Amino acid sequence: MEQQQVHELVEDFVRRLNDTSDTEVPPTAQLTELGIDSLSLVDLLFTLERTFEVSIPDDALPGISTVADLTDYVVATSR
Amino acid sequence: MWEKSAALTMEACSPRQGRTAVLAAVGAHVPSIVVTNDDLAARLDTSDEWITSRTGIRTRHVVEPGRSTSDLAIAAGTAALRAAGPDTSIDAVVLATSTPDRLVPATAPAVAAALELSGVAAFDVDAVCSGFVYGLAVANGLIAAGTARQVLLIGADTFSTIVDPADRTTAPLFGDGAGAVVLRAGEAAEPGALLAVELGSDGALAELITVRDGWFAMQGQAVYRQAVTRMAGAARDVLARTGWRPEDVDAFVGHQANLRILRTVGADLGIDAERVHANVTDVGNTVAASIPLALAHAHAAGRLRAGDRVLLSAFGGGTTWGAATLVWPELG
Numbered sequence: 107m108e109q110q111q112v113h114e115l116v117e118d119f120v121r122r123l124n125d126t127s128d129t130e131v132p133p134t135a136q137l138t139e140l141g142i143d144s145l146s147l148v149d150l151l152f153t154l155e156r157t158f159e160v161s162i163p164d165d166a167l168p169g170i171s172t173v174a175d176l177t178d179y180v181v182a183t184s185r
Numbered sequence: 098m099w100e101k102s103a104a105l106t107m108e109a110c111s112p113r114q115g116r117t118a119v120l121a122a123v124g125a126h127v128p129s130i131v132v133t134n135d136d137l138a139a140r141l142d143t144s145d146e147w148i149t150s151r152t153g154i155r156t157r158h159v160v161e162p163g164r165s166t167s168d169l170a171i172a173a174g175t176a177a178l179r180a181a182g183p184d185t186s187i188d189a190v191v192l193a194t195s196t197p198d199r200l201v202p203a204t205a206p207a208v209a210a211a212l213e214l215s216g217v218a219a220f221d222v223d224a225v226c227s228g229f230v231y232g233l234a235v236a237n238g239l240i241a242a243g244t245a246r247q248v249l250l251i252g253a254d255t256f257s258t259i260v261d262p263a264d265r266t267t268a269p270l271f272g273d274g275a276g277a278v279v280l281r282a283g284e285a286a287e288p289g290a291l292l293a294v295e296l297g298s299d300g301a302l303a304e305l306i307t308v309r310d311g312w313f314a315m316q317g318q319a320v321y322r323q324a325v326t327r328m329a330g331a332a333r334d335v336l337a338r339t340g341w342r343p344e345d346v347d348a349f350v351g352h353q354a355n356l357r358i359l360r361t362v363g364a365d366l367g368i369d370a371e372r373v374h375a376n377v378t379d380v381g382n383t384v385a386a387s388i389p390l391a392l393a394h395a396h397a398a399g400r401l402r403a404g405d406r407v408l409l410s411a412f413g414g415g416t417t418w419g420a421a422t423l424v425w426p427e428l429g
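Protein chains in written order, with the numbering used here: chain A, 107 to 185; chain B, 98 to 429.
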């Protein structure tokens with residue numbers, strides 16, 4: 107799948123989480139600075155896993171801190 | 098002599114006759130001390146908003162000084178026995194708990210004795226937050242084997258005794274309490290019959306939920322993920338075995354860990370929020386007491402009606418998980 111599809115899902119998740127429609131979600135942003143705490147991250151992972159039929163195991167999480175880290179991981183594992 | 102052999106013959110003809118566990122009564126007890134989020138915010142670096150938005154928990158009950166798990170279990174057991182009526186004749190007491198009064202002996206015999214049931218089988222089951230569902234399977238087994246005709250199953254825990262009161266990540270989550278059910282031998286086709294139970298465990302993840310250096314310790318993020326995955330998975334399995342679809346479920350009574358897990362599991366299964374029962378807001382996570390307490394509170398509030406198709410699902414330390422199904426019976 108395309109990087110853009112994954113990014114749009116993350117963007118939509120962040121906007122719903124923060125209850126806004128215009129939050130900027132640049133690929134370089136840290137997930138934590140977008141309001142994604144440890145439990146919200148799990149919700150986001152569930153959504154990504156379900157939507158794109160990928161698996162993001164716990165041991166992959168230390169390498170994921172920005173939006174791009176996450177979208178790259180999803181795109182890479184889906185191939 | 099003649100009567101006895103007749104009974105044996107009848108059993109030989111239909112060994113399953115009247116040997117399914119059927120729910121006959123529920124009871125609950127929470128201790129009188131209530132701790133609010135503001136009480137916690139007064140002594141910890143936290144706030145009502147922070148706790149409520151992340152967990153949905155607003156209050157929890159804490160055991161009174163000098164009382165312990167057995168006292169809560171006895172109170173809930175008394176309530177369930179009273180609800181079951183004067184003809185009740187219990188022949189086994191099963192106590193699901195991870196905070197027994199002592200390491201040795203088990204707490205259930207003391208509970209049984211206090212309930213004037215000395216002489217009956219009595220033992221503890223420990224599967225942490227899945228303890229009650231494990232207990233249901235054990236009680237069902239005792240009844241199916243003909244070892245017992247009526248079982249008092251209690252879930253009781255006092256995590257306030259093992260949670261570090263100075264730990265803002267765990268102290269808000271837990272409450273003390275007890276819930277109890279009476280299960281009697283009956284027919285698989287009658288309301289209240291336990292229709293199916295699923296159990297599982299993964300000891301490789303024992304460190305996720307444990308006691309370390311004397312205090313309860315939990316890896317929140319990993320637990321959240323495992324809890325949702327396992328509770329939903331066990332629920333799917335038990336629904337398939339029961340022959341129900343998620344849309345057939347009238348009430349999902351999951352382990353009350355926090356509101357977020359319950360709603361996420363519900364959403365994952367396709368069970369909308371109105372059918373997800375929660376009392377975690379008022380009592381917190383009461384561990385093995387959580388499901389029977391939620392059942393008793395929902396029943397008392399009239400939110401569980403005779404004929405409702407009820408789905409139970411739990412995840413806990415071990416790690417362990419389990420799920421069960423039943424049709425809610427007419428209860429007094």
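The C-beta atom is built at its ideal place from N, Cα and C for all residues, glycine as well.
Please read all numbers here as calculations on a predicted model, not as lab measurements.
Expected contact under 8 angstroms - CB spacing of residue i and residue j to nearest Å
i          : j          : result
Ala-203(B) : Phe-220(B) : 5 angstroms
Thr-129(A) : Val-116(A) : No, Thr-129(A) and Val-116(A) are not in contact; Cβ-Cβ is about 11 angstroms, not under 8 angstroms.
Ala-66(B)  : Val-160(B) : Residue numbering for chain B in the displayed model covers 98 to 429; residue 66(B) lies beyond these limits and cannot be assessed.
Gly-115(B) : Gly-283(B) : 6 angstroms
Leu-336(B) : Gln-323(B) : Between Gln-323(B) and Leu-336(B) the Cβ distance is about 20 angstroms, and since that is not below 8 angstroms, they are no contact.
Leu-178(B) : Leu-212(B) : 7 angstroms
Asp-184(B) : Arg-246(B) : Between Arg-246(B) and Asp-184(B) the Cβ distance is about 12 angstroms, and since that is not below 8 angstroms, they are no contact.
Ala-332(B) : Leu-366(B) : 6 angstroms
Ala-348(B) : Gly-276(B) : The pair is not a contact, with the Cβ atoms about 16 angstroms apart (cut-off 8 angstroms).
Ser-144(A) : Gly-317(B) : 6 angstroms
Arg-265(B) : Thr-143(B) : 5 angstroms
Gly-141(A) : Leu-167(A) : Incorrect: roughly 18 angstroms between the Cβ atoms, too far for contact.
Ala-411(B) : Gly-419(B) : 6 angstroms
Thr-378(B) : Leu-356(B) : 7 angstroms
Own chain partners of residue i with C-beta closer than 6 angstroms, once the 5 adjacent residues on each side are dropped
i          : result
Leu-359(B) : Gly-351, Val-373 and Ala-375
Ala-205(B) : Val-190, Leu-192, Ala-219, Phe-220 and Asp-221
Thr-177(A) : Gln-109, Val-112 and His-113
Ala-241(B) : Arg-116
Leu-169(B) : His-126, Ala-253 and Ala-275
Ala-395(B) : His-374 and Leu-401
Cβ neighbours of residue i in the same chain (closer than 7 angstroms, five flanking residues each side left out)
i          : result
Ser-165(B) : Asp-198 and Thr-255
Arg-157(B) : Val-132, Phe-271, Gly-272, Val-380 and Gly-381
Leu-147(A) : Leu-137
Asp-135(B) : Asp-145
Leu-423(B) : Leu-120, Gly-289, Ala-290, Leu-291, Leu-292 and Val-407
Ile-170(A) : Leu-176 and Tyr-179
Ser-298(B) : Gly-415, Thr-416 and Thr-417
Residue range of the unbroken alpha helix (DSSP H) whose run includes residue i
i          : result
Ile-130(B) : No alpha helix (DSSP H) holds Ile-130(B); the beta strand (DSSP E) holding it covers 130 to 133.
Thr-326(B) : 317 to 339
Glu-114(A) : 109 to 123
Asp-261(B) : Taken as a continuous stretch (DSSP letters only), Asp-261(B) belongs to no alpha helix (DSSP H), as it is neither H nor E.
Gly-228(B) : 228 to 241
Glu-146(B) : 145 to 152
Thr-361(B) : 356 to 366
Glu-155(A) : 144 to 158
Val-208(B) : 205 to 211
Gly-174(B) : 166 to 181
Pro-288(B) : Taken as a continuous stretch (DSSP letters only), Pro-288(B) belongs to no alpha helix (DSSP H), as it is neither H nor E.
Leu-392(B) : 387 to 397
Bridge partner(s) assigned by DSSP for residue i
i          : result
Asp-254(B) : Gly-274(B)
His-126(B) : Ala-275(B)
Gly-413(B) : Thr-417(B)
Asp-221(B) : Leu-192(B)
Glu-295(B) : Ala-420(B)
Gly-283(B) : Thr-117(B)
Asp-160(B) : Correcting the residue identity first, residue 160(B) is Val in this sequence and not Asp. According to DSSP, which records beta bridges pairwise, Val-160(B) is partnered with nothing at all.
Arg-406(B) : Val-424(B)
Pro-302(B) : Position check: residue 302(B) holds Leu in this sequence, whereas Pro was assumed. Answer by DSSP bridge pairing: none, since Leu-302(B) is not bridged.
Ala-218(A) : The structure shown does not extend to residue 218(A), since chain A spans only 107 to 185, so no value can be given for it.
Thr-249(B) : According to the sequence displayed, residue 249(B) carries Leu and not Thr. Bridge partners of Leu-249(B): Val-190(B) and Val-279(B).
Ser-373(B) : Checking the sequence shown, residue 373(B) turns out to be Val, not Ser. DSSP, once it has assigned bridges, lists Phe-349(B) as partnering Val-373(B).
Own chain residues within Cβ distance below 8 angstroms of residue i, not counting five before or after
i          : result
Thr-153(A) : Leu-115 and Phe-119
Thr-134(A) : Thr-172, Val-173 and Ala-174
Lys-101(B) : Model confidence at Lys-101(B) stands at a pLDDT of 40, short of 50, so the residue's coordinates are unreliable and nothing is read from them.
Ala-329(B) : Val-362, Asp-365, Leu-366 and Ser-410
Under 8 angstroms by beta carbon: chain C residues contacting residue i
i          : result
Asp-165(A) : Absence of chain C from the displayed structure is noted, the protein chains being A and B.
Span of the beta strand (DSSP E), counted from its first residue to its last, around residue i
i          : result
Gly-351(B) : 348 to 351
Ile-170(A) : It is not in any beta strand (DSSP E) - Ile-170(A) carries neither H nor E in the DSSP assignment.
Val-377(B) : Run containing Val-377(B): none in the beta strand (DSSP E); it sits in the alpha helix (DSSP H), 377 to 380.
Arg-309(B) : 306 to 309
*Interface positions of the region 156 to 182 of chain B facing chain A (Cβ-Cβ less than 8 angstroms), listed along the chain*: none
_If the cut-off is 8 angstroms on Cβ atoms, which residues from the region 306 to 338 of chain B count as contacting chain A, listed in chain order?_
Gly-317, Gln-318, Ala-319, Tyr-321, Arg-322 and Val-325
_Output needed in chain order: residues of the region 148 to 159 of chain A with a Cβ under 9 angstroms from some Cβ in chain B._
Val-148, Asp-149, Leu-151, Phe-152 and Arg-156
*Which residues, taken in chain order from the region 412 to 426 of chain B, show a beta carbon closer than 8 angstroms to some beta carbon of chain A?*
none
_Which residues of the region 131 to 146 of chain A have a Cβ closer than 7 angstroms to any Cβ of chain B? Give them in chain order._
Ser-144 and Leu-145
*chain A contacts from the region 261 to 279 of chain B (Cβ-Cβ distance under 8 angstroms)*: none
*Looking at chain A, which residues of the region 345 to 378 of chain B have a Cβ within less than 8 angstroms of any of its Cβ atoms?*
Arg-357, Thr-361 and Asp-365
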